[in-house]
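Colleague:
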Amino acid sequence: MNNAQIAAVLDEVADLLEIQAANPFRVRAYRNGARTVRELSEPAATILCTAGRKLTEFKGIGSDLADKIAALCQTGSMPLHQELLAQIPVSVLTLMRVPGVGPKKAAALNKELGISTLDELRAACQAGRVRKLKGFGEKTEQTILAGMELAGSVNQRLTWAEVDGFAQSLMTHLRACPSIAELEPAGSYRRGRDSVADLDLLVVSSNPAEVMDRLAAFAAVETLLGRGDTKMSVRLAGGLQVDLRVVPAESFGAAWQYFTGSKDHNVELRSRAKSRGLKINEYGVFRGDQYVAGRTEEEVYATLDLPWFPPELREARQEFAWADAGQLPKLIETGDMQGDLHMHTTATDGRASLAEMVAAAQDRGLKYIAITDHSKRVSMANGLDATRLRAQWAEIDRLNKSLRGLVVLKGVEVDILEKGGLDLEDDVLAEADWVVASLHYGQQQPREQITRRIVDALANPHVCAIAHPTGRLINRRKPYDVDLDAVFRAARQHGKFLELNSHPQRLDLDDVACAAAKSHGIPIVISTDAHGVEGLDKLRFGILQARRGGLTKADVVNTRPWAQVKKLLRDRRAT
DNA sequence: GCCGTTTTCGGCCCGACTGTTTTCAGTCG
696 MNNAQIAAVL
706 DEVADLLEIQ
716 AANPFRVRAY
726 RNGARTVREL
736 SEPAATILCT
746 AGRKLTEFKG
756 IGSDLADKIA
766 ALCQTGSMPL
776 HQELLAQIPV
786 SVLTLMRVPG
796 VGPKKAAALN
806 KELGISTLDE
816 LRAACQAGRV
826 RKLKGFGEKT
836 EQTILAGMEL
846 AGSVNQRLTW
856 AEVDGFAQSL
866 MTHLRACPSI
876 AELEPAGSYR
886 RGRDSVADLD
896 LLVVSSNPAE
906 VMDRLAAFAA
916 VETLLGRGDT
926 KMSVRLAGGL
936 QVDLRVVPAE
946 SFGAAWQYFT
956 GSKDHNVELR
966 SRAKSRGLKI
976 NEYGVFRGDQ
986 YVAGRTEEEV
996 YATLDLPWFP
1006 PELREARQEF
1016 AWADAGQLPK
1026 LIETGDMQGD
1036 LHMHTTATDG
1046 RASLAEMVAA
1056 AQDRGLKYIA
1066 ITDHSKRVSM
1076 ANGLDATRLR
1086 AQWAEIDRLN
1096 KSLRGLVVLK
1106 GVEVDILEKG
1116 GLDLEDDVLA
1126 EADWVVASLH
1136 YGQQQPREQI
1146 TRRIVDALAN
1156 PHVCAIAHPT
1166 GRLINRRKPY
1176 DVDLDAVFRA
1186 ARQHGKFLEL
1196 NSHPQRLDLD
1206 DVACAAAKSH
1216 GIPIVISTDA
1226 HGVEGLDKLR
1236 FGILQARRGG
1246 LTKADVVNTR
1256 PWAQVKKLLR
1266 DRRAT
């Protein structure tokens, strides 16, 4: 049983306990445990089998949870989980996906009306039976019906890049308000999460009503979800929820910190404040009733002797431990990048020619690029066989003679075949400057098979890196069932790199996997996988993800000049 | 159920808004 599966069971136990109105701190303990397991850099099962190691060495897992996880790994099920499932149909949990329905209402609906599915809930609302329940009313019934429309259609997270589009145009729209003194995005968007459920905007204004009216007038606004004196929520066409908060200037830093989150980061921060006799809320830091700080984020953190944290790190993972040790990493920045080692041309499925990609790379100030078109197995993309590939490389050789300031590398994205092995012969690969291997077919294969294919590819002496190592497409396709821990170990053993693909729908390795790869000592390559000139601008999405993984300039291969990348590959293979 | 420079018990972050309430519970972030 892998970490994701263990975490899913723990999360479901938390949900079920919540419906049973269990001690909320007990519920939180299961959620924290789930999160800890999900973010472990190695399989829990491995730790359990290793002498001298215990799961309790990780924050959030005590002896009780450690025992339950051990039982889960050994037997495939957890007695508490099974008991709860016998009491509450698992489908009741889906009721909580409807906005406005939390654990209490879901429990009441199930207990009083015997409702356990969304269809039953819809029917009961339409029949007017829900409004008769204590604590429910006509409004609630309407909210539930409206919320169910949503849950079925648009209630999914958007990619960061999609939200960025809305955020930029909405902020431009709002800035027309003369009373706005500050306007900043917060929430998971500011933290750079690869997908974002809603957009939080923070405003300092002498006239909150004017700002809210202006938001209501934004063309994409579809529904007004709520509006108070300081807070307003709307839903945009396409489903994105926007939450606007207006705060006084002396609270701006505290509010920005608070609304940026994450929730867990804030819990840790406030708990630290409490232990010092301070209280932190969105209005500031207080000792008793006395305002201590709050105008800037730096000020808020400084009251706890903490440094300002880059938003990407605020996930209550390592950042507090790093700060306590005075070792907060200096995160990689877009300007650190020197080259791009994964892109396509019209020779396969790209939309721009070799010459156009080269010109675009020069425009963007890149020092080197690798042209890595697909190999022949990817027939849909008109993949290259040895002959066509060598012809492209000859063209690159000619091109390089006339280029100044940019080196074009002879590369290929060689397919990892379904039955294992690579799509091109070793003698061909040996002529390349840069080889990335990736799999496009047989993505549904069982874990052992997929893992074996990737691990074997890493063992090939000509392969430099594995591209998009999990194959996930955010909101569209789950990652392959691959044992990433085994991939990390193989990459380390053979001195290879792993790619962080910057395409906003891919972004794999994800943030947690980046951090895990780093802990295994594996250098990361951040690539655009550009299929056109505009694709070269997607690097910033990959950088954001890398920052979330805590990566520095030194952790990323292509912040170095090409000569150093080559040397790094050589040196690592030698050891 | 977890955790510990208040250390094995007694805490566990904090507030806005809504709807159903007549003083507050539930939900959300």
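Every number in the working numbering is 695 more than the matching position in the first sequence, counting from 1.
We put the beta carbon where it would ideally sit given N, CA and C, even for glycine.
Predicted model only: the values in this text are computed from it and were never measured.
1. Where A1249 and D759 are concerned, what is the direct C-alpha to C-alpha distance, given to the nearest angstrom?
2. Could you give the distance in angstroms between the alpha-carbon of A862 and the alpha-carbon of H1198?
3. Would V891 and S900 be called neighbours here (beta carbons separated by less than 9 Å)?
4. Short of 7 Å in beta carbon distance, which residues of its chain neighbour L853, apart from the five on each side in sequence? Order them along the chain.
5. Can you tell me whether V708 is buried or exposed? The criterion is at least 16 other CB atoms within 10 Å of its CB, across all chains shown.
6. According to DSSP, simplified to helix, strand and coil, what is M927?
7. Around the Cβ of V720, are there at least 16 other Cβ atoms within 10 angstroms (buried) or fewer (exposed)?
8. L1026: which of V793, I756, G1237 sits nearest, CA to CA?
9. Tell me T918's beta-bridge partners as DSSP assigns them.
10. Taking 8 Å as the threshold, find out whether the segment 1071-1089 comes into contact with the segment 1037-1047 through three or more Cβ pairs.
11. So W951 is in the alpha helix (DSSP H); what residue range does that whole segment cover?
12. Between which two residues does the beta strand (DSSP E) holding V1130 run?
13. Rounded to the nearest angstrom, how far is the Cβ of G1106 from that of I1066, given a contact under 8 Å?
14. Give the secondary structure of T1247 by DSSP, where H, G and I count as helix, E and B as strand, and everything else as coil.
15. Assuming A1211 is part of the alpha helix (DSSP H), what are its boundary residues?
16. Can you give me the Cβ contacts of L1001 inside the same chain, cut-off strictly under 7 Å, excluding the 5 residues immediately before and after it?
17. By the three-class DSSP mapping on this structure, what secondary structure does T751 have?
18. Suppose contacts are defined by Cβ-Cβ distances below 9 Å. Is V1102 in contact with S1070 by that definition?
19. By the DSSP assignment, the alpha helix (DSSP H) with I714 in it spans what residues?
20. Helix or strand or just coil, what does DSSP make of S966?
21. Should E917 be labelled buried (16 or more other beta-carbon atoms within 10 Å of its own) or exposed?
22. Please tell me whether L896 and V858 are closer than 9 Å, where the distance is taken between their beta carbons.
23. Taking the beta strand (DSSP E) that A876 belongs to, which residues open and close that run?
24. Got a sec? Which residues, its chain only, sit under 8 Å from R817 by beta carbon, not counting five neighbours each side?
25. Flag this pair as touching only if the segment 974-991 and the segment 935-948 have three or more C-beta atom pairs under 8 Å; answer yes or no.
26. In the DSSP assignment, what residue or residues form a beta bridge with Y1136?
27. Please confirm if the segment 817-827 is in contact with the segment 745-753, defined as three or more CB-CB distances below 8 Å between the two stretches.
28. Just to confirm my understanding: we take R1235, look at its own chain, exclude 5 residues before and 5 after, and list those with CB closer than 6 Å. What are they?
29. Given this structure, state the Cα-to-Cα distance separating V849 from V793, to the nearest angstrom.
30. Roughly how many whole angstroms lie between the Cα atoms of R971 and T998?
Modeller: According to the structure data:
1. 40 Å
2. 19 Å
3. no
4. S890, V891, L935
5. buried
6. strand
7. For the sequence presented, residue 720 should be read as Phe rather than Val. Answer is exposed; the Cβ neighbour count stays below 16.
8. G1237
9. R930
10. yes
11. 947-955
12. 1129-1133
13. 6 Å
14. strand
15. 1206-1214
16. A1018
17. helix
18. no
19. 698-714
20. helix
21. exposed
22. no
23. 875-881
24. L840, M843
25. yes
26. According to DSSP, Y1136 bridges with nothing at all.
27. no
28. T1029
29. Summary for V849: the model assigns pLDDT 47, below 50, so the residue's position carries little reliability; its value from the coordinates is reported in the next sentence. One C-alpha to the other measures close to 12 Å.
30. 10 Å
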